[in-house]
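K.L.:
These protein sequence lines are chains A and B, in that order.
For the first sequence, my numbering assigns the number 1 to the initial residue and increments by one for each residue that follows.
For the second sequence, my numbering assigns the number 113 to the initial residue and increments by one for each residue that follows.
Heads up, the beta-carbon is just placed ideally off N, CA and C, and yes, glycines get one too.
Once you've had a glance at the structure underneath, I'll fire off some questions.
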Amino acid sequence: EAQVTQNPRYLITVTGKKLTVTCSQNMNHEYMSWYRQDPGLGLRQIYYSMNVEVTDKGDVPEGYKVSRKEKRNFPLILESPSPNQTSLYFCASSFRGDTEAFFGQGTRLTVV
Amino acid sequence: GENVEQHPSTLSVQEGDSAVIKCTYSDSASNYFPWYKQELGKRPQLIIDIRSNVGEKKDQRIAVTLNKTAKHFSLHITETQPEDSAVYFCAASSAAGNKLTFGGGTRVLVKP
């Protein structure tokens, strides 16, 4: 089954404790991206990757890192989480940035 | 960068009536305009998209129109049903196809 898988689904952590949210796709998509969803603000792009070892900043990259060592995986790293990073995070993949995006199930992160 | 504005933020319609959601974008070079539907607690899913060389596209009860001169595009849902209740997001892709910018979302409630 074609899918994008994120883990974990829910995470509560404390300020400053490094965490990683994993994202994996099995559709051989070249383009992957991370979004955060906050009420009234829609989906805001954090980082995107157009291919292996090619990543670039989206609209709200501060406080986040990503890597794309393999085509299927695109982890999101918060090295020192802060409460303003409490949000719902979605990973998405597509053939290109201007084709249908397939979203993961979402990760609800709370930083206390 | 691209800015996408979406109106209204909430929309309540009677079952069977039509719903219209409007979006404007700022980058005249944008060339791909998808619409995503997000049901409560679920991931966003593509419902229809349009490219800049097309003025209108229909798929059963949903249609999208694009006015490139005015830089706006709209989603039309006819004969609304309770299962149309969801949050709808418009988006615009940069000309390079590397970034997708979303609007703030419209919460649609279809009253039986």
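(1) Looking only at DSSP bridge pairs, what is GLN6/A linked to?
(2) By Cβ distance below 7 Å, which residues in the same chain neighbour GLU151/B in space, the five residues on each side in sequence not counted?
(3) Measuring only the C-alpha atoms, how far is TYR137/B from TYR10/A?
(4) Which bits of chain A does TYR137/B rub up against, with CB to CB less than 7 Å?
(5) Relative to the C-alpha of GLU62/A, which candidate in ASN73/A, LYS69/A, PRO75/A, PRO81/A has its C-alpha closest?
(6) Could you check if ARG163/B is buried or exposed, using at least 16 other CB atoms within 10 Å of its CB as the buried criterion?
(7) For ASN179/B, which three-state DSSP category applies?
(8) Just the Cα atoms here: how many angstroms apart are VAL112/A and GLN6/A?
(9) Can you name the residues of chain B whose CB is closer than 9 Å to the CB of ALA101/A?
(10) Short of 9 Å Cβ to Cβ, which residues in the stretch 160 to 180 of chain B face chain A?
(11) At what residues does the beta strand (DSSP E) containing ARG36/A begin and finish?
(12) Grouping DSSP H, G and I as helix and E and B as strand, with all else coil, what is ASN73/A?
(13) Starting from ASP171/B, follow its DSSP beta bridges and name the residues at the other end.
(14) Would you kindly work out how many angstroms separate the C-alpha atoms of ASN115/B and LYS183/B, rounded to a whole number?
(15) Quick check on SER93/A - is its C-beta less than 9 Å from some C-beta in chain B?
(16) Taking any Cβ of chain A, which residues in the stretch 121 to 132 of chain B have a Cβ under 9 Å from it, in chain order?
(17) Does DSSP put GLN193/B in a helix, a strand or coil?
(18) Using the Cβ count rule (16 or more neighbours within 10 Å means buried), how would you classify ALA2/A?
(19) Taking one C-beta from the stretch 121 to 140 of chain B and one from the stretch 21 to 29 of chain A each time, how about it: are there three or more such pairs within less than 8 Å?
(20) Determine whether the Cβ of MET27/A lies closer than 9 Å to any Cβ atom of chain B.
(21) Have a look at LEU88/A and ASN165/B and give me their C-alpha separation to the nearest angstrom.
P.N.:
For this structure:
(1) CYS23/A
(2) ALA198
(3) 33 Å
(4) Going along chain A, no residue has its Cβ under 7 Å from TYR137/B, so there is no contact; the nearest lies around 13 Å.
(5) PRO81/A
(6) exposed
(7) strand
(8) 22 Å
(9) PRO146, TYR148, PRO156, LEU158, ALA203, LEU212
(10) ASP161, ARG163
(11) 31 to 38
(12) strand
(13) ILE174/B
(14) 11 Å
(15) no
(16) SER121
(17) coil
(18) exposed
(19) no
(20) no
(21) 34 Å
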